[in-house]
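Engineer:
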Amino acid sequence: MTENTHKAGFVNIIGKPNVGKSTLMNVLIGERLSIISSKAQTTRHRIMGLINDDNYQVVFSDTPGMLKPKYELHKNMMSFVHMSLEDADVILFVTDLFETDEEIEDVIEKINQSGVPVLLVINKVDLSKEGQLEELTAYWTQRIKTESVIPISATESFNTERILQEILDRLPFHPPFYDKAELTDKPERFFASEIVREKIFINYKKEIPYSTEVAIEDFYEEENIIRVRAIIYVERNSQKGIIIGEGGKALKRVGIQARAEMENFFGKKIFLETYVKVEEDWRKNKNKLKKFGYDQ
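So for the sequence shown, my numbering puts the first residue at 225; every next one is plus one.
1. Excluding the 5 residues preceding and the 5 following I332 in the sequence, name in chain order all residues of the same chain whose CB lies nearer than 7 Å to its CB.
2. How many whole angstroms separate the CB atoms of A439 and S417, which I take to be in contact at a CB cut-off of 8 Å?
3. Which residues in the same chain as F382 place their Cβ atom closer than 8 Å to its Cβ, once the five residues preceding and following it in sequence are excluded?
4. Quick check on the DSSP output: the beta strand (DSSP E) that includes Q366 runs from which residue to which?
5. In angstroms with no decimal places, state the Cα-to-Cα distance between A232 and E422.
6. Would you say the stretch 380–394 touches the stretch 353–366, given that touching needs at least three Cβ pairs under 8 Å?
7. Using only the alpha-carbon positions, how far apart do E358 and V318 sit?
8. Per DSSP, what kind of secondary structure is R386 in: helix, strand or coil?
9. Cutting at 7 Å between CB atoms, please list the residues of its own chain near T379, excluding the five before and the five after it.
10. Under 6 Å Cβ to Cβ from S352, same chain only, skipping five residues before and after it: list those, please.
11. List the endpoints of the continuous beta strand (DSSP E) containing S285.
12. What did DSSP end up calling T498 once you bin it into helix, strand or coil?
13. Taking DSSP as the reference, what is the three-state secondary structure of I432?
14. Just the C-alpha distance for V282 and E437, rounded to the nearest angstrom, thanks.
15. Is L248 helix, strand or coil when you go by DSSP?
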């Protein structure tokens, strides 16, 4: 392997909330790194996942959905998006049958001015009606300077293999950026917290999931078991009561689901403790956001 024969680069996945970016990255790398729920704005951080081969290394980056910020948290989430435009070798712009460029015109302008090759990925085509895909292709190709349009269904893994080939055609020759044994740049604690947060998104309604953050206070790996202590932070006392539920049933359900998911992810038995604490208005406070890792 030399610098002249090995390809490596950063492929950043961007798009509006809920178009299937996280599902797509999980399909492409063959591992479930990004959490998924039917609710928008599930992804809050920039999460990298690697595909390694003897001849190439693709560093995928799943970013938060593009939106107009309402809180300091949203501003931090959007900073991950803007950062991903700066270091990309290839941009995967993901949309679906239902989204437009409303509220993201400024980001699209930055994409078009970036000089980075853009692959337009139209997701959820398994739900399309006659003529809809052609209309969408015309709509988006007028707005984004794209080198290729790839219709896919991430949930059905339809046409996703074409994305990798299109990426490899455009990847620069470069030595690998990460050890070939690595799958991601995030530590194990991060994925433990994301798994708990995913179960909160699945089990609670309205504002509760968006007002919640999860921190891993303890993560002790022994030979046959990993002991995890997770703190679920909410913004108000009333939310704490909802998270815990009557007789602790709601929190217990989250714990059971999260433990099962962690055991599958880490390949070990998990002992999980969950606690709920109030951190008032953490989404609006820069110092509190920094405490939770939103310091970009």
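Quick reminder that beta carbons are idealized off the backbone N, C-alpha and C, glycines included.
Structural biologist: On the basis of the supplied data:
1. D325, R367 and I368
2. 6 Å
3. V349, D350 and I376
4. Neither: Q366 is in no beta strand (DSSP E) and is coded neither H nor E.
5. 31 Å
6. no
7. 16 Å
8. helix
9. T247
10. L321
11. Y280 to D286
12. strand
13. coil
14. 30 Å
15. helix
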